[in-house]
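Student:
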Amino acid sequence: MKKTLYTADATATGGRSGHVLSSDSIIDMDMSVPEGLGGKKGATNPEQLFAAGYASCFQQALLVVAGQQNERLDPASTVQCSVTLFQEGEAYGLSAVLNVDLKGMDSQKALAMVNKAHEICPYSVGTRGNMEVELKMAGEAAAAVPEEAGK
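As structure tokens, this is what we get:
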């Protein structure tokens, strides 16, 4: 049974060159086409907001997995997310790369945690099958965890 935990609400006006406002006014910012595509400085864009949300959500999933395994992540551990906007024919799409650095953790254990976090992270669940998401660990492609290593 699905249980609603939280609903975020934001309103956009003016599209990519407009403004976004969350219902609680915490997000209240101008938007722009990315500067490299002719947009203005000093404004964010949907890809940056998506990258920030995915990175923080994935980091939280890692903290949940660590807790389930009675592990503790180094406070300096990071998740960096790159979101790419691309055009294919007349359609536009997104892809993402998550680069996880679980500082000081054994690489096999870290790989198992990253894969488990990818299974439970709401952004990963929501994008699965809809957009390409690449996992990296400390800048290197993350291979799938052998079945016995994830246990």
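Take the sequence shown: its position 9, counting from 1, is numbered 5 in the working numbering, and each next residue is one higher. Here a beta-carbon is modelled for each residue, glycine too, at the ideal position from N, C-alpha and C. Note that the structure is a prediction, hence the values are computed from the model and not measured.
#1: Rank Gly10, Gln76, Leu33 and Gly34 by C-alpha distance to the C-alpha of Met27 and give the top, closest one.
#2: Put Leu45 into one of helix, strand or coil per three-state DSSP.
#3: Grouping DSSP H, G and I as helix and E and B as strand, with all else coil, what is Gly85?
#4: Since Val129 contacts Ser120 with CB under 8 Å, what's their CB separation in whole angstroms?
#5: Please go through the same chain and pick out, in chain order, the residues whose beta-carbon is closer than 7 Å to the beta-carbon of Ile23, but skip the five residues on each side of it.
#6: How many whole angstroms separate the CB atoms of Phe46 and Val79, which I take to be in contact at a CB cut-off of 8 Å?
#7: Spell out the partners DSSP gives Asn95 in its beta bridges.
#8: Between Asp70 and the rest of its own chain, which residues show a CB-CB distance below 6 Å, the 5 nearest in sequence each way excluded?
#9: Please classify Tyr50 as buried or exposed, where buried requires at least 16 neighbouring CB atoms within 10 angstroms.
#10: How would you call Leu107, buried or exposed, if buried means at least 16 neighbouring beta carbons within 10 angstroms?
#11: Decide if Glu143 is buried, meaning its Cβ has at least 16 other Cβ atoms within 10 Å, or exposed.
#12: Excluding the 5 residues preceding and the 5 following Lys112 in the sequence, name in chain order all residues of the same chain whose CB lies nearer than 6 Å to its CB.
Tutor: Working from what's here:
#1: Across the set Gly10, Gln76, Leu33 and Gly34, the C-alpha of Gly10 shows the shortest separation from the C-alpha of Met27.
#2: helix
#3: coil
#4: 7 Å
#5: Ala6, Val16 and Leu17
#6: 5 Å
#7: Residue pairing by DSSP places Asn95 opposite Gln76 and Lys132 in a beta bridge.
#8: Lys99 and Gly100
#9: buried
#10: buried
#11: Interpretation of Glu143 is limited by its pLDDT of 43, a score under 50 that renders its predicted location unreliable; the figure taken from the coordinates is listed afterwards. Exposed: under 16 other Cβ atoms inside 10 Å.
#12: Val61
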